[in-house]
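Since the structure comes first, as structure tokens, the remarks are kept for the end.
Number of protein chains: 2
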Amino acid sequence: MSSPVRHTRQRSAVSALLAEVEGFHSAQDLHAMLRERGERVGLTTVYRTLQGLADAGEIDVMRPPGGEHLYRRCSEGHHHHLVCRGCGRTVEVAGPAVESWAGRVAAQHGFTDVSHTLEIFGACPSCAG
Amino acid sequence: MSSPVRHTRQRSAVSALLAEVEGFHSAQDLHAMLRERGERVGLTTVYRTLQGLADAGEIDVMRPPGGEHLYRRCSEGHHHHLVCRGCGRTVEVAGPAVESWAGRVAAQHGFTDVSHTLEIFGACPSCAG
DNA sequence: GCGTTTTTGACAATCATTCTCGTTGTCACG
DNA sequence: CGTGACAACGAGAATGATTGTCAAAAACGC
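So the sequences go chain by chain: D and H. So the first sequence is residues 0 to 128, counted in numbering that gives the first Met the number 0. So the second sequence is residues 0 to 128, counted in numbering that gives the first Met the number 0.
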């Protein structure tokens, strides 16, 4: 039942790319970047790899209004994002208070195995004007 | 700049339906229900109406993993949802602490015009076993 | 090397949502 | 009450991201 994760050129390429780029990018976006670099990786593989990484908790997935999934390599551990509506700039924020609040509220209703998603949108200083 | 919202049979139908049903439903779902009731409303119109209501803040939109937008008429004011992964049961929860926290964090980074989305997922008592 | 098993990737399929554009219904005003 | 302007409607086509398919290629253990 354990899937012995094999090391492949494509997987390395996706990981390496994610390590370099800043901010969130869509699967299609990442795929295009790989092609520009000369890496020959299929779109299908990019999707699969990203899903795998997301399942493994190594990258974050965001679903902004607009229908595209955005992926981003980000720091370990649980955190949330503050995203600028204008330029897309992203700031990672930690919210211990929120974590415990979410857990408490869930417990009050008898919910277990709790997770949550939280995103904050706003206009950053540069885009506010 | 003001769009004089006209009162139409279709709009009433969608609103009325939302007032009756419990929980979240997709646009397609609502459209099917309207047809069963004998209301003849186009799918396009359902989408447009839902978008309008969502913009007006009269209904909530949720984007669960799965790609379908779910709409729900819910209580006035800002609140969040605690959703069961198993049966989809939804509980509305208010989190004043979270609201102020989000605002504070955003302000710290110079962000203005802030909004946020928060969803908590878990297993409800019935589904936990 | 060799065989087994996973992974890959081109292409087709899916499916919610959006667009198009001619028709219809509302509303304001005469 | 009539009428004209303009928003709303709706059927079908279009869009576009994501997922499924399956034969060929690559990786790993021996």
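Even glycine gets a Cβ: it sits at the ideal position worked out from N, Cα and C. These numbers were taken from a predicted model, which means no experiment stands behind them.
- Straight across, the Cα-Cα distance linking G94 (chain H) with H78 (chain H) is about 7 Å.
- The count of Cβ pairs closer than 8 Å, one atom from the region 22 to 41 of chain D and one from the region 98 to 108 of chain D, stays below three, leaving the stretches out of contact.
- By the C-beta density criterion, H6 (chain D) is exposed, having fewer than 16 other C-beta atoms within 10 angstroms.
- Within chain D, the residues whose beta carbon sits less than 9 Å from that of V113 (chain H) are L81, I119, F120, G121, A122, listed in sequence order.
- In this structure, the straight-line span from the alpha carbon of A31 (chain H) to that of H108 (chain H) is close to 45 Å.
- By the Cβ test, the region 42 to 56 of chain H is not in contact with the region 52 to 70 of chain D, since fewer than three Cβ pairs between them sit closer than 8 Å.
- The Cβ atoms of C123 (chain H) and C83 (chain H) sit closer than 7 Å to each other.
- The beta carbon of G121 (chain D) is closer than 8 Å to those of L81, V82, C83, R84 in its chain, skipping five residues each way along the sequence.
- For the 7 Å CB-CB criterion, F23 (chain D) and M61 (chain D) form a contact.
- Considering only H:D59, H:T116, H:E35, H:V13, the residue with the shortest C-alpha distance to T48 (chain H) is H:V13.
- Around the C-beta of D59 (chain H), 16 or more other C-beta atoms lie within 10 Å, and the residue is accordingly described as buried.
- Under the three-state reduction of DSSP output, H24 (chain H) falls in the strand class.
- Look at E57 (chain H) here: in three-state DSSP terms it is coil, with no helix or strand label.
- Collapsing the DSSP output to three states places C83 (chain D) in a strand.
- For A12 (chain H), there is no enclosing beta strand (DSSP E); the residue is part of the alpha helix (DSSP H) that begins and ends at 8 to 19.
- A Cβ-Cβ contact shorter than 7 Å links V104 (chain H) with V92 (chain D).
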